[in-house]
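**Q**
Protein chains: 2
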Amino acid sequence: MTFLTRSATGYSTWRLIADQLRSEIVDGSFAPETKMPTEGELADRFGVHRNTIRQSIAVLVEEGLVARRQGSGTFVVPHTLLVHRIGLRTRLSNSARQPDATSNRPIASEIVANPPQEVASRLRLEGRPALQIETVADVNGTTIARSTAWFDVALTPDLDVHLRQTRSVTKALRAVGIDDYVRTWSAVSARIANRVEAEDMNLPSGSIVLVVRSVNSLLDGTPLQYTSTRFRADRVELDIDFSDLAGH
Amino acid sequence: MTFLTRSATGYSTWRLIADQLRSEIVDGSFAPETKMPTEGELADRFGVHRNTIRQSIAVLVEEGLVARRQGSGTFVVPHTLLVHRIGLRTRLSNSARQPDATSNRPIASEIVANPPQEVASRLRLEGRPALQIETVADVNGTTIARSTAWFDVALTPDLDVHLRQTRSVTKALRAVGIDDYVRTWSAVSARIANRVEAEDMNLPSGSIVLVVRSVNSLLDGTPLQYTSTRFRADRVELDIDFSDLAGH
DNA sequence: AATAGACGTCTAGATAAGTAGACAAATCAG
DNA sequence: CTGATTTGTCTACTTATCTAGACGTCTATT
Chain A
9 MTFLTRSATG
19 YSTWRLIADQ
29 LRSEIVDGSF
39 APETKMPTEG
49 ELADRFGVHR
59 NTIRQSIAVL
69 VEEGLVARRQ
79 GSGTFVVPHT
89 LLVHRIGLRT
99 RLSNSARQPD
109 ATSNRPIASE
119 IVANPPQEVA
129 SRLRLEGRPA
139 LQIETVADVN
149 GTTIARSTAW
159 FDVALTPDLD
169 VHLRQTRSVT
179 KALRAVGIDD
189 YVRTWSAVSA
199 RIANRVEAED
209 MNLPSGSIVL
219 VVRSVNSLLD
229 GTPLQYTSTR
239 FRADRVELDI
249 DFSDLAGH
Chain B
9 MTFLTRSATG
19 YSTWRLIADQ
29 LRSEIVDGSF
39 APETKMPTEG
49 ELADRFGVHR
59 NTIRQSIAVL
69 VEEGLVARRQ
79 GSGTFVVPHT
89 LLVHRIGLRT
99 RLSNSARQPD
109 ATSNRPIASE
119 IVANPPQEVA
129 SRLRLEGRPA
139 LQIETVADVN
149 GTTIARSTAW
159 FDVALTPDLD
169 VHLRQTRSVT
179 KALRAVGIDD
189 YVRTWSAVSA
199 RIANRVEAED
209 MNLPSGSIVL
219 VVRSVNSLLD
229 GTPLQYTSTR
239 FRADRVELDI
249 DFSDLAGH
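Now the structure itself:
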């Protein structure tokens, strides 16, 4: 295989190879539980020294995708590609495949006087402050998403108090009398994770995150909540649900 | 600013800095038409030599994001973040912001006996061959997406003949009697562009693509078309349209 | 138990990336 | 026009990455 040189890409050789191997693992070319090619074979395939291959594999070990067994080989660790459904009444906790032990943990909340411009306009704040809530989502013990939500304090009085008591955004919303809401807007983009995100999700720097920005509104159309969720792209794909529309 | 070292990330320093600067341009921290900080200032900010900054900026020049003017400075070139809407009856050509001169060019088509497993199952091919069509999408002269579509040849006889005549997938479908269809499934993921994609979209290698896989079906629910579209993530975000649901 | 094959570790040398600084060329303000 | 500022180019040097190969340790098979 002709391979790109680091000089052209700005990637070190070991990272280029690690990225290539990861994609082959994720797309199933190397099936879970099976043995990877030996380091020597991979060195031949990519035309590099075995030491470079070892550095690449070290990345995948760090990420938990493969395990090395001395004397035996390198094996693909069973992994799940999580499918996160975006639909009308979905919450962050709804994952398509069951059973997954998903938990959402609020890690901080704070009333901010001047939220970012996009938040203010999407929530029609017009100068009012917003309650900002940071959460992380874990599935089976692995952190897969990092979320920031903003609420109009005028619509959700004492939401932060209830949040501290219940330690759950959904329960806190119920406590302030909000039971039902629908997603009215979503935008999806992708970028390199920043340092905080990489740290919170235990990702190697340079990892890709899928960014979902969305607005949930009350049934009368009043915007209630603006959320920006960053999913780790190596483990999550977004499933856009059109089934609610099938009845038309 | 404390910055990540290349040793930890596998990125060369100039690429780390280029990525950072690009994200600040794309998110508006450096507004279009304005002057960037001088190379010396950037060198101070990132704690590197000016030569390294120059290499980073060369990447952005290559990508068309900034322009250098000797003696004057480096300036942010006006650019657009394209918003691509995913909804019930959207096609690749529908972009949210107008006016954009969008064109879809079929670049190759071929009948393949054994399409990938996911294609076969989503289209319920059960062993039948599929017509595979490769297209690129340009907006204002810039290629922003690379798409691969598969059709069940049993449902679309002579589609390839009409495609060669009309040079348009939509027109070719109309010619075989298919006027209306709806999107029944979509999944969104993100990854590093492979070499072919990077070449077709004129991207630096290592760029991120948003991958949208989707199935369009006839109104009776028969799956018609499986499509995988790779958008360049630096210029495109996906807008998920729930407005069809507002009437409920 | 012997052995081949695989991962683990180390040292030395070659190549590429980044630093350092000097000077040229273009631009702009006064 | 003058001078300060900014990008353009070059050479020498330092540091990090990659190659090369030897040798050790562990595992599975015969």
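Protein chains in written order, with my numbering: chain A, 9 to 256; chain B, 9 to 256.
Note that the Cβ used here is the ideal one computed from N, Cα and C, for glycine as well.
Taking only runs of the beta strand (DSSP E) that begin and end inside the stretch 210–245 of chain A, which ones reach a length of at least 3 residues, in chain order?
**A** Runs of the beta strand (DSSP E) inside the stretch 210–245 of chain A: 216–225 and 231–240.
**Q** DSSP beta-bridge partners for Asn-112/A?
**A** Numbered from 1 along the first sequence, position 104 holds the residue referred to as residue 112/A. According to DSSP, Asn-112/A bridges with Ala-145/A.
**Q** Can the beta-carbon of Arg-132/A be found closer than 8 Å to that of Pro-231/A?
**A** As a first step, residue 132/A is located in the first sequence; it is residue number 124 there, counting from the start. As a first step, residue 231/A is located in the first sequence; it is residue number 223 there, counting from the start. Their beta carbons are under 8 Å apart, which means Arg-132/A touches Pro-231/A by this criterion.
**Q** Below 7 Å CB to CB, which residues in the same chain sit around Asp-228/A once its five sequence neighbours on both sides are set aside?
**A** As a working mapping, residue 228/A is identified with position 220 in the first sequence. Same-chain partners within the cutoff: there are none.
**Q** What are the boundary residues of the alpha helix (DSSP H) that includes Val-127/B?
**A** Within the second sequence, residue 127/B is the residue found at index 119, counting from 1. Note, Val-127/B: alpha helix (DSSP H), 125–130.
**Q** Measuring alpha carbon to alpha carbon, tell me which residue in Thr-60/A, Leu-163/A and Arg-175/A is nearest Val-144/A.
**A** Stepping through the first sequence from its first residue, residue 144/A is reached at position 136. Checked all of Thr-60/A, Leu-163/A and Arg-175/A; the closest Cα to Val-144/A is Arg-175/A.
**Q** Just to confirm, is the Cβ distance from Gln-33/B to Phe-54/B under 8 Å?
**A** Position 25 of the second sequence, counted from the start, is the residue given in the question as residue 33/B. Position 46 of the second sequence, counted from the start, is the residue given in the question as residue 54/B. It should be noted that the sequence gives Ile, not Gln, for residue 33/B. In this structure, Phe-54/B does not lie closer than 8 Å to Ile-33/B by Cβ.
**Q** What residues in the stretch 174–202 of chain A have a beta carbon less than 9 Å from any beta carbon of chain B?
**A** Taking 9 Å as the Cβ-Cβ cut-off against chain B, the residues of the stretch 174–202 of chain A that qualify are Val-190, Arg-191, Thr-192, Trp-193, Ser-194, Ala-195, Val-196, Ser-197, Ala-198, Arg-199, Ile-200 and Asn-202.
**Q** Smallest Cα separation from Trp-22/A: which of Arg-58/A, Gly-48/A, Ala-39/A and Gly-36/A?
**A** Taking the first residue of the first sequence as 1, we reach residue 22/A at position 14. Checking every option, the nearest Cα to that of Trp-22/A belongs to Arg-58/A.
**Q** Can you tell me whether Glu-134/B is helix, strand or coil according to DSSP?
**A** By one-based count along the second sequence, residue 134/B stands at place 126. Residue state, collapsed to three classes: coil.
**Q** So, does the CB of Ala-75/B fall closer than 8 Å to a CB anywhere in chain A?
**A** As a first step, residue 75/B is located in the second sequence; it is residue number 67 there, counting from the start. Taking Cβ atoms only, chain A never reaches closer than 8 Å to Ala-75/B, which makes this a no.
**Q** Considering only the alpha carbon of each residue, which of Trp-193/B, Ser-117/B, Ile-152/B and Val-219/B lies closest to Asp-247/A?
**A** As a first step, residue 247/A must be located in the first sequence, where it is residue number 239. For Asp-247/A, the nearest C-alpha among the options comes from Trp-193/B.
**Q** Given 7 Å as the limit, tell me if Pro-124/B has its C-beta closer than that to any heavy atom belonging to the ligand SAM.
**A** Because no ligand of any kind appears in the structure shown, any question about the ligand SAM cannot be addressed here.
**Q** Measure how close the beta-carbons of Arg-240/B and Val-217/B come, nearest whole angstrom, since I'm counting them as under 8 Å.
**A** As a working note, residue 240/B is residue 232 in the second sequence. As a working note, residue 217/B is residue 209 in the second sequence. Confirmed, about 6 Å.
**Q** Cutting at 6 Å between CB atoms, please list the residues of its own chain near Ala-153/A, excluding the five before and the five after it.
**A** The count along the first sequence starts at 1 and reaches residue 153/A at position 145. The residues are Ala-145, Thr-237 and Phe-239.
**Q** Since Leu-167/B meets chain A, which of its residues come closer than 8 Å, beta carbon to beta carbon?
**A** As a first step, residue 167/B must be located in the second sequence, where it is residue number 159. Under the 8 Å cutoff, chain A gives no residues; its nearest Cβ is about 24 Å from Leu-167/B.
**Q** Under 7 Å, CB to CB, which of the residues in the stretch 213–226 of chain A have a partner in chain B?
**A** Within the stretch 213–226 of chain A, the residues whose Cβ lies closer than 7 Å to some Cβ of chain B are Ser-213, Gly-214, Ile-216 and Leu-218, listed in chain order.
**Q** What in chain A is Cβ-close to Glu-245/B, meaning under 7 Å?
**A** Start at 1 with the first residue of the second sequence, and residue 245/B comes out as number 237. The contacting residues are Ala-195, Val-196 and Ser-197.
**Q** Mind checking if Arg-23/A is an interface residue toward chain B, Cβ cutoff 8 Å exclusive?
**A** Residue numbering aside, residue 23/A sits at position 15 when the first sequence is read from its first letter. So, interface residue.
**Q** Where do the ends of the alpha helix (DSSP H) carrying Arg-30/B lie?
**A** By 1-based counting over the second sequence, the position of residue 30/B is 22. From DSSP, the alpha helix (DSSP H) with Arg-30/B extends over 21–34.
**Q** Using a Cβ cut-off of 7 Å, pull out every chain B residue sitting near Ala-241/A, in sequence order please.
**A** Position 233 of the first sequence, counted from the first residue, corresponds to residue 241/A. Neighbours of Ala-241/A on chain B, chain order: Ser-197, Ala-198 and Arg-199.
**Q** How big is the Cα-Cα spacing for Ile-65/A and Val-204/B?
**A** As a working note, residue 65/A is residue 57 in the first sequence. As a working note, residue 204/B is residue 196 in the second sequence. Each residue's alpha carbon lies about 25 Å from the other.
**Q** Return helix, strand or coil for Asp-188/B, following the three-state DSSP convention.
**A** In the second sequence, residue 188/B corresponds to position 180, counting from 1. Coil, per DSSP.
**Q** Which residue wins for smallest C-alpha separation from Asn-112/B, given the options Thr-156/B, Glu-70/B, Ser-129/B and Val-196/B?
**A** The residue given as residue 112/B occupies position 104 in the second sequence. Taking only the C-alpha atoms, the option nearest Asn-112/B is Thr-156/B.
**Q** Secondary structure at Gln-106/B, three-state DSSP: helix, strand or coil?
**A** Indexing the second sequence from 1 puts residue 106/B at position 98. Residue confidence for Gln-106/B is low, a pLDDT of 37 falling below 50, so the modelled location carries little weight and cannot support an answer.
**Q** Indicate the three-state DSSP secondary structure (helix, strand or coil) for Gln-140/A in the structure shown.
**A** Taking the first sequence and counting its residues from 1, one reaches residue 140/A at position 132. Looking at Gln-140/A - three-state DSSP - the assignment turns out to be strand.
**Q** Tell me, please, whether the CB atom of Gly-55/A is closer than 8 Å to any CB atom in chain B?
**A** Locating residue 55/A in the first sequence gives position 47, where the first residue counts as 1. Cβ-Cβ to chain B under 8 Å: no for Gly-55/A.
**Q** At which residues does the alpha helix (DSSP H) containing Ser-64/B begin and terminate?
**A** Within the second sequence, the letter at position 56 stands for residue 64/B. Here the alpha helix (DSSP H) through Ser-64/B covers 58–70.
**Q** If Leu-68/B and Arg-30/B are in contact, beta carbons under 8 Å, what's the gap, nearest whole angstrom?
**A** On the second sequence, position 60 is the one that residue 68/B refers to. On the second sequence, position 22 is the one that residue 30/B refers to. Indeed, because the Cβ distance is near 6 Å, the residues count as touching under 8 Å.
**Q** Rounded to whole angstroms, what is the Cα-Cα separation between Phe-159/A and Ile-115/A?
**A** Counting from one through the first sequence, the residue named residue 159/A turns up at place 151. Counting from one through the first sequence, the residue named residue 115/A turns up at place 107. C-alpha separation (whole angstroms): 16 Å.
**Q** Give the secondary structure of Phe-159/A by DSSP, where H, G and I count as helix, E and B as strand, and everything else as coil.
**A** As a position in the first sequence, residue 159/A is number 151, starting the count at 1. Strand at Phe-159/A.
**Q** Assuming Ala-51/B contacts Ile-61/B (C-beta within less than 8 Å), just tell me the rounded distance between them.
**A** The residue given as residue 51/B occupies position 43 in the second sequence. The residue given as residue 61/B occupies position 53 in the second sequence. So it is a contact: roughly 5 Å between Cβ atoms.
**Q** So what does DSSP say about Val-85/B, is it helix, strand or coil?
**A** Locating residue 85/B in the second sequence gives position 77, where the first residue counts as 1. Residue state, collapsed to three classes: coil.
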